[in-house]
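*Asks:*
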Amino acid sequence: MIRKTCDVVIVGSGFAGLSAADILAERGLRVLLLDENLHLGGQLLRSPPWSGKRSSAGGIMGYGFRLIGRIKSQPIEVLNRTNVLDIDERGMLLVEREERMISVASKMLLLATGARERFMPFKGWTLPGVISTGAAQILMKSYGVLPSKRMLIAGIGPLLLAVAGEFLKNGGRLLSVLDMGGAREKFLLLTRGIQQFSKVTEGIVESAQVFLARVPYHLRTMVVEARGGPGLSAVVAAKIGKDGSLLKGTEMIYRTDSLALGHGFVPNIELAQLAGCAIDHDGGKGGWVVRVGEDLQTSEDRVFAAGEITGIGGALKSMDEGRLAAFGILNKLGREVDPKRLIHLKRQRNRHLRFGILFNNLHRMPDQAFLSIPGEVTICRCEDVKMADVTRAVKDGYDTPAALKRALRIGMGNCQGRICAPLVYDILSALKKTTAKEFPPFSVRSPVKPVAIRSFLS
Amino acid sequence: MTQDLRIPSISRGPKIKVFVNGQGLVAYHGETVLAALIAAGRRVLRKSRIDGENRGPLCGMGVCYECLVSVNGSPNRRACMTDVEDHMEIGIDDSEDM
Amino acid sequence: MIVIGGGVIGASVAYYLSKKKIGVLLLERSDFASGTSGACDGMIFMQSKKPGLHLALALKSRRIFEDLPEKLGSDIELRRNGGMIIFRSDLELKAMAPFMEEQKRGNLGVSLLDLHQARELEPCLGPNIAAATFCPLDAQVNPLCLTYAFLKAAKRHGAKLFARTPVTGFHVKGNRIYAVVTPQNVVATRSVVNAAGVFASQVGDLLSLTIPVAPRRGQLLVTEVLPPILTRCLLSARYIAAKYDPALAEGQNPGFSIEQTGNGNFLLGSTREFVGFDKRTTRDAIRTILMEVTPILPRLKEAHLIRTFAGLRPYTPDGLPILGKVSTPEGFIMAAGHEGDGIALSPITGQLIAELIADGKTSISLEPFSLERFIPKEPS
Ligand SMILES: Cc1cc2nc3c(=O)[nH]c(=O)nc-3n(C[C@H](O)[C@H](O)[C@H](O)COP(=O)(O)OP(=O)(O)OC[C@H]3O[C@@H](n4cnc5c(N)ncnc54)[C@H](O)[C@@H]3O)c2cc1C
Ligand SMILES: Cc1cc2nc3c(=O)[nH]c(=O)nc-3n(C[C@H](O)[C@H](O)[C@H](O)COP(=O)(O)OP(=O)(O)OC[C@H]3O[C@@H](n4cnc5c(N)ncnc54)[C@H](O)[C@@H]3O)c2cc1C
Chain X
1 MIRKTCDVVI
11 VGSGFAGLSA
21 ADILAERGLR
31 VLLLDENLHL
41 GGQLLRSPPW
51 SGKRSSAGGI
61 MGYGFRLIGR
71 IKSQPIEVLN
81 RTNVLDIDER
91 GMLLVEREER
101 MISVASKMLL
111 LATGARERFM
121 PFKGWTLPGV
131 ISTGAAQILM
141 KSYGVLPSKR
151 MLIAGIGPLL
161 LAVAGEFLKN
171 GGRLLSVLDM
181 GGAREKFLLL
191 TRGIQQFSKV
201 TEGIVESAQV
211 FLARVPYHLR
221 TMVVEARGGP
231 GLSAVVAAKI
241 GKDGSLLKGT
251 EMIYRTDSLA
261 LGHGFVPNIE
271 LAQLAGCAID
281 HDGGKGGWVV
291 RVGEDLQTSE
301 DRVFAAGEIT
311 GIGGALKSMD
321 EGRLAAFGIL
331 NKLGREVDPK
341 RLIHLKRQRN
351 RHLRFGILFN
361 NLHRMPDQAF
371 LSIPGEVTIC
381 RCEDVKMADV
391 TRAVKDGYDT
401 PAALKRALRI
411 GMGNCQGRIC
421 APLVYDILSA
431 LKKTTAKEFP
441 PFSVRSPVKP
451 VAIRSFLS
Chain Y
459 MTQDLRIPSI
469 SRGPKIKVFV
479 NGQGLVAYHG
489 ETVLAALIAA
499 GRRVLRKSRI
509 DGENRGPLCG
519 MGVCYECLVS
529 VNGSPNRRAC
539 MTDVEDHMEI
549 GIDDSEDM
Chain V
557 MIVIGGGVIG
567 ASVAYYLSKK
577 KIGVLLLERS
587 DFASGTSGAC
597 DGMIFMQSKK
607 PGLHLALALK
617 SRRIFEDLPE
627 KLGSDIELRR
637 NGGMIIFRSD
647 LELKAMAPFM
657 EEQKRGNLGV
667 SLLDLHQARE
677 LEPCLGPNIA
687 AATFCPLDAQ
697 VNPLCLTYAF
707 LKAAKRHGAK
717 LFARTPVTGF
727 HVKGNRIYAV
737 VTPQNVVATR
747 SVVNAAGVFA
757 SQVGDLLSLT
767 IPVAPRRGQL
777 LVTEVLPPIL
787 TRCLLSARYI
797 AAKYDPALAE
807 GQNPGFSIEQ
817 TGNGNFLLGS
827 TREFVGFDKR
837 TTRDAIRTIL
847 MEVTPILPRL
857 KEAHLIRTFA
867 GLRPYTPDGL
877 PILGKVSTPE
887 GFIMAAGHEG
897 DGIALSPITG
907 QLIAELIADG
917 KTSISLEPFS
927 LERFIPKEPS
């Protein structure tokens, strides 16, 4: 086992982790930046490794890429392809890299593990060819590969448009964009959130809209079935009412071998849970989130959290929280911090938080949508658990996430519940007519991600 | 059916060759196994364990473990988190085999 | 009748009682199978039992398992493939010889295999073992399925099961229990079965009874699903020795257990630690277990670890469970303290307790299992 020590370890190199690392290193602290990803930048700052386009980007993206450049020139130790597996009671990290274990001791820990995507399942959503909007974006932005020549995009939220813009820009044939949201949501976001929103998606929205003039864009529409075999060949969609129920007779069929799907984001709180940080359930923040104070400290003394894991709110929130967390850490280590800067950042953060709440509440799926998932639909993809299994088990009294896990193996597979857990919470609360707050989430155990056994042996 | 879904305007790393179930496939340094497979139109990667359903990539970012392939004989590697290397042997369970 | 605890033991007791047409109320303070029965292996191992009383009990239980799936009407993932004990060195073989001699008299049909013979049975075994013993009676189940199957069958026979219902006190009049207290209710009853596993002593405290059950932690590692490569459960000779010799358990290397579950995951274990009610796993233990098991099954080096967890074995000082009535108060019956054998011993435990309550007598004497055995005898 390799041992490392430093002043601050940062897990996650998205906007939050990068912003914090930049400030901390500038103040002379020894920073170790860890990310499982192959490249720095998290979910948003992506560009093909051999392309020079990053430098030319403007706005927040350009800022982000310049930030990456700065990080690389600072004396920061950066480790990509590095999986943080565990945090023990002394705050020591267990880290795997290239099938070797590293143990990291530090004075302070910053968790900036970001978010993953959320999905609303339907019949056939497991067919190859149904990919996430994030996957489509990553393929295009990081690797310059189209998911397919023809594509359909469906789900809810602004990522649909970002992906649409990217796909069209690169010569893809976009059949349609199907958005579960309605015009009211769009209007509210565009008027109240315009400031945040336009910056965040960086003109992608505008360019998408230009293109979208020619692409059918359906509101209050959702996918009801994906068909095909072995891969996707057709998608059936239909209109939904305000409560999420399907409107009969509105079905449309699309012939396509590719469907990009996304229904918002879920914070990656698993590592924080292992570290013992308190978590809260807040629909306005996107579900279970890590509890932090104004200085971004968690309930644990030397552990800070920033970015999407404290609540879904977009890149600007992640950036400012990264900065605030850096100042929180500096303060904790007895360093001086400019109070004016703090006040300014806190004010900005509050604005981002308000936007986040608006955003998340507008993109929340109605209970009815979960209750009308047909019995044959796969909920847990790792263990092939169906909706009917879940409803039956709940009826038999296995009506908590933990009980369902034991009874059905739901969430016990390789992804450790990362895909199905948010669904299970939503289905449970819809079935029990309560909020997900009532059910403790799946327990988290070391290692937070599968790890090669070989890594322990070297 | 051979296709190349790579966006032409994007500059790439050196060209290399990988093998998918023994068949040669062009890839570029800097790509992941998943990017190389998708670029060639391969999307069926494995069967689900219990129901034997066909599965392909979902999240593309290392979370869902749907894109598991074998790499140089070593099973259950996430295609989306593995870089291609010259002469890499990739094994998939593809009933759409071309 | 009230049964306290919805683990495998409480579930079995509830099943056999309700089968005898006795009205049962089972109270579980958390979720069913959320205690030790949800954090353990599922081996029904005969070879590991101490010859004598312990083995006799286990053999009886093993016989019940034969048609248990049909009786319960559920799949419990019972696999009757036998089990192996692995000896890493001749020294280990020598140390275990007396144990095995005694076992022979128990008619277990254990055979001693050399490396070559062992690998014929289990081709994926590595070359680093000295010898193995094989017993065809050893078997395995899925402990969660088993617990749920008992509960489901009990419910079918009329038992009432309540999750999230802790027992917080008793009403005793004279020398007799007449009610059980929960936060919601006071439930009148004439008898109570304490099947609270590792918490049996806390339940005893409510009656000022000293019940010497202590938590003994065992850590387990779970791999991703692998193709079926191991048909039998494997235990190391050291693991068994460690049960009876605490010095071995506390040492660097407590031995190992390996099973491939019906689902295909490997369960790799384990430790035997006295650390109170701490259910965390430790890096040292994970590494030690992996260092132990990979030479035995080299194929595991290619696999991924997906989860670790720990369970608390309900340990008793002499390794035997505590079963039957206590002398005082009347109406209080013990069914706890099965340490590392509760899954294997669950059917016989349920059956004996049901016999005791319904018939007033049992097919095996419960005297050696009584709580009183731990009370120092007054010199006469
Ligand atoms: C798929 C996807 C696409 C998105 N696309 C857009 C978009 O187009 N426009 C937009 O405005 N916003 C988008 N977002 C939202 C965007 O992520 C946020 O706005 C912001 O960039 C998040 O920054 P962050 O630093 O909080 O987290 P992230 O950028 O998510 O970074 C978190 C990092 O932590 C790493 N990590 C997590 N766990 C571990 C671990 N255990 N060990 C090691 N590393 C770990 C991850 O690999 C990741 O790189 C997207 C989000 C997702 C999930
Ligand atoms: C790592 C490990 C491996 C093992 N491997 C095996 C094996 O291979 N084979 C085998 O046979 N055995 C094995 N065991 C042992 C076996 O798991 C236990 O002996 C068995 O599960 C004990 O069952 P139980 O019902 O007594 O306890 P539990 O399952 O703990 O059930 C007791 C229940 O009582 C409840 N309770 C407690 N207090 C109260 C109260 N006041 N009111 C209401 N409810 C209460 C608890 O919540 C709990 O659910 C293993 C154990 C471990 C830890």
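Residue numbers (my numbering), protein chains in the order written: chain X, 1 to 458; chain Y, 459 to 556; chain V, 557 to 936.
Where a beta carbon is used, it is the ideal one built from N, C-alpha and C, also for glycine.
Computed from a predicted structure; not experimentally measured.
1. Check the DSSP bridge columns for MET890(V) and list the partner residues they point to.
2. I want to check one thing, is the minimum distance from the CB of ILE560(V) to the heavy atoms of ligand 2 below 6 Å?
3. Check whether the Cβ atoms of GLY463(X) and MET519(Y) sit closer than 7 Å, and answer yes or no.
4. Determine whether the beta carbon atoms of GLY549(Y) and SER532(Y) lie at a separation below 7 Å.
5. Is ARG454(X) close to chain V? Criterion is C-beta to C-beta, closer than 7 Å.
6. Nearest CA to the CA of GLY760(V): which residue from GLY591(V), PHE888(V) and ALA841(V)?
7. For a contact meaning CB atoms closer than 7 Å, what does TRP50(X) contact in chain Y?
8. Using a beta-carbon distance below 7 Å, is VAL200(X) in contact with chain V?
9. At 8 Å on the CB atoms, spell out the chain V contacts of SER532(Y), in chain order.
10. Measure from the alpha carbon of VAL448(X) to the alpha carbon of each residue in THR82(X), PHE304(X) and ALA164(X), then state which is nearest.
11. Scan the segment 594 to 662 of chain V and note each continuous alpha helix (DSSP H) run of 4 residues or more that stays entirely inside, going in chain order.
12. In chain Y, which residues lie less than 8 Å from VAL778(V) when you measure between Cβ atoms?
13. Since PRO870(V) contacts ALA756(V) with CB under 8 Å, what's their CB separation in whole angstroms?
14. Tell me whether LEU908(V) counts as near ligand 2, meaning its Cβ is closer than 6 Å to at least one heavy atom of that ligand.
15. The segment 493 to 515 of chain Y: which residues have C-beta closer than 7 Å to a C-beta of chain V, in chain order?
16. Which bits of chain Y does VAL742(V) rub up against, with CB to CB less than 8 Å?
17. Starting from the beta carbon of GLU547(Y), find every residue of chain X whose beta carbon is closer than 9 Å, and list them in chain order.
18. Pairing CB atoms from the segment 109 to 119 of chain X with CB atoms from the segment 248 to 267 of chain X, are three or more of them under 8 Å?
19. Look at PRO366(X) and LYS123(X) and say whether their C-beta atoms are less than 7 Å apart.
20. Can you tell me the Cα-Cα spacing of CYS6(X) and GLY311(X), whole angstroms?
21. Closest to ALA237(X) by CA distance: which of GLU300(X), THR250(X) and ILE87(X) is it?
22. Comparing the C-beta of PRO450(X) with each C-beta of chain V, is any distance below 7 Å?
23. Looking at the C-beta of GLN128(X), does it have a partner C-beta in chain Y at a distance below 7 Å?
24. Excluding five sequence neighbours on each side, which residues of the same chain lie with their C-beta closer than 6 Å to the C-beta of GLN461(Y)?
25. Between the Cα of LEU345(X) and those of ALA325(X), ARG335(X), GLU99(X) and GLY334(X), spot the shortest distance and give me the residue it belongs to.
26. Closer than 9 Å, Cβ to Cβ, to anything on chain V: give me those residues from the segment 391 to 422 of chain X, in chain order.
27. In angstroms, rounded to a whole number, what distance separates the CA positions of LEU160(X) and VAL177(X)?
28. Rounding to the nearest angstrom, what Cα-Cα distance links GLY566(V) and TYR795(V) in this structure?
29. In whole angstroms, give me the CA-to-CA distance for LYS199(X) and GLU270(X).
30. When every heavy atom of ligand 2 is checked, does at least one fall within less than 6 Å of the C-beta of THR592(V)?
31. Using a beta-carbon distance below 7 Å, is PRO440(X) in contact with chain V?
32. Any heavy atom of ligand 1 inside 6 Å of the beta-carbon of LEU534(X)?
33. Within 7 Å of any Cβ in chain V, is that where the Cβ of ASP541(Y) sits?
34. TYR523(Y) by DSSP, collapsed to three states: which one?
35. Following a CB-centred definition, is GLY417(X) positioned closer than 6 Å to any heavy atom of ligand 1?
*Replies:* A quick look at the data gives this:
1. Residue mapping note: residue 890(V) aligns to position 334 of the third sequence, counting from 1. DSSP lists ASN750(V) and GLY880(V) as partners of MET890(V).
2. Taking the third sequence and counting its residues from 1, the one referred to as residue 560(V) is at position 4. For ILE560(V), the Cβ falls inside the 6 Å cut-off from some heavy atom of ligand 2.
3. Nothing can be reported for residue 463(X): it is not among the residues displayed for chain X, which extend from 1 to 458.
4. Working through the second sequence from its first residue, we reach residue 549(Y) at position 91. Working through the second sequence from its first residue, we reach residue 532(Y) at position 74. Annotated as distal: GLY549(Y) and SER532(Y), with beta-carbon spacing of 7 Å or more.
5. As a working note, residue 454(X) is residue 454 in the first sequence. It does; some Cβ of chain V falls within 7 Å.
6. Your numbering for residue 760(V) matches position 204 in the third sequence. Checked all of GLY591(V), PHE888(V) and ALA841(V); the closest Cα to GLY760(V) is PHE888(V).
7. For the purposes of this step, residue 50(X) is taken as the residue at position 50 of the first sequence. Contacts between TRP50(X) and chain Y, judged by CB atoms closer than 7 Å, involve SER469, ARG470, GLY471 and GLY488 in chain order.
8. Here residue 200(X) corresponds to residue number 200 of the first sequence, with the count starting at 1. Low confidence applies to VAL200(X): its pLDDT is 49, below 50, so where it sits in the model is not reliable, and the reading given next is rough at best. So, not an interface residue.
9. Position 74 of the second sequence holds residue 532(Y). Neighbours of SER532(Y) on chain V, chain order: GLU858.
10. The residue you call residue 448(X) lines up with position 448 of the first sequence. Closest by alpha carbon: THR82(X).
11. Within the segment 594 to 662 of chain V, the complete alpha helix (DSSP H) runs of at least 4 residues are 609 to 621, 624 to 628 and 646 to 661.
12. Residue 778(V) sits at position 222 when you count from the first residue of the third sequence. Under the 8 Å cutoff, chain Y gives no residues; its nearest Cβ is about 14 Å from VAL778(V).
13. By 1-based counting over the third sequence, the position of residue 870(V) is 314. By 1-based counting over the third sequence, the position of residue 756(V) is 200. Yes, PRO870(V) and ALA756(V) are in contact; Cβ-Cβ is about 7 Å, under 8 Å.
14. Indexing the third sequence from 1 puts residue 908(V) at position 352. Not so, every heavy atom of ligand 2 lies at least 6 Å from the Cβ.
15. Within the segment 493 to 515 of chain Y, those residues whose Cβ lies closer than 7 Å to any Cβ of chain V are, in chain order, ARG507.
16. Residue mapping note: residue 742(V) aligns to position 186 of the third sequence, counting from 1. Result: empty, since nearest Cβ-Cβ is about 46 Å, beyond 8 Å.
17. As a working note, residue 547(Y) is residue 89 in the second sequence. Ordered by position in chain X, no residue passes the 9 Å Cβ test against GLU547(Y), which lies about 18 Å from the chain.
18. Cβ pair count under 8 Å is three or more, so yes.
19. Walking along the first sequence from the start, residue 366(X) turns up at place 366. Walking along the first sequence from the start, residue 123(X) turns up at place 123. Annotated as distal: PRO366(X) and LYS123(X), with beta-carbon spacing of 7 Å or more.
20. For the purposes of this step, residue 6(X) is taken as the residue at position 6 of the first sequence. For the purposes of this step, residue 311(X) is taken as the residue at position 311 of the first sequence. Distance between the alpha carbons of CYS6(X) and GLY311(X): 28 Å.
21. Walking along the first sequence from the start, residue 237(X) turns up at place 237. Out of GLU300(X), THR250(X) and ILE87(X), THR250(X) has the C-alpha closest to the C-alpha of ALA237(X).
22. Here the question's residue 450(X) lines up with position 450 in the first sequence. At a cut-off of 7 Å, the C-beta of PRO450(X) has a neighbouring C-beta in chain V.
23. On the first sequence, residue 128(X) is found 128 positions in, with the first residue counted as 1. With the sequence shown as reference, residue 128(X) is identified as Pro, and Gln is not the correct amino acid for it. Closer than 7 Å to some Cβ of chain Y, the Cβ of PRO128(X) qualifies, so yes.
24. The residue labelled residue 461(Y) in the question sits at position 3 within the second sequence. Only residues of its own chain outside the window of five on either side were considered, and among them GLY499 have a CB closer than 6 Å to the CB of GLN461(Y), listed in chain order.
25. Indexing the first sequence from 1 puts residue 345(X) at position 345. In terms of CA proximity to LEU345(X), ALA325(X) leads the group ALA325(X), ARG335(X), GLU99(X) and GLY334(X).
26. Under the 9 Å Cβ criterion, the segment 391 to 422 of chain X contributes ASP396, GLY397, TYR398, ASP399, THR400, ALA402, ALA403, ARG406, ALA407, ARG409, MET412, GLY413, ASN414 and GLN416.
27. Indexing the first sequence from 1 puts residue 160(X) at position 160. Indexing the first sequence from 1 puts residue 177(X) at position 177. Straight-line Cα distance between these residues: approximately 7 Å.
28. Locating residue 566(V) in the third sequence gives position 10, counting from the first residue. Locating residue 795(V) in the third sequence gives position 239, counting from the first residue. So the alpha carbons of these two residues sit roughly 27 Å apart.
29. Stepping through the first sequence from its first residue, residue 199(X) is reached at position 199. Stepping through the first sequence from its first residue, residue 270(X) is reached at position 270. With a pLDDT of only 49 at LYS199(X), under the threshold of 50, the placement of this residue in the model should not be trusted; the figure read from the coordinates follows. The C-alpha of LYS199(X) lies about 29 Å from the C-alpha of GLU270(X).
30. Walking along the third sequence from the start, residue 592(V) turns up at place 36. Look at THR592(V): its beta carbon is less than 6 Å from one of the heavy atoms in ligand 2.
31. For the purposes of this step, residue 440(X) is taken as the residue at position 440 of the first sequence. Contacts with chain V at 7 Å (Cβ-Cβ) do not include PRO440(X).
32. Within the shown structure, residues of chain X are numbered from 1 to 458, placing residue 534(X) beyond reach of any answer.
33. The sequence position of residue 541(Y) within the second sequence is 83, counting from 1. Chain V contact via Cβ: absent.
34. Along the second sequence, read from residue 1 onward, the residue named residue 523(Y) stands at position 65. Correct three-state label for TYR523(Y): coil.
35. Translated into positions along the first sequence, residue 417(X) becomes position 417. No, the Cβ of GLY417(X) stays beyond 6 Å of every heavy atom of ligand 1.
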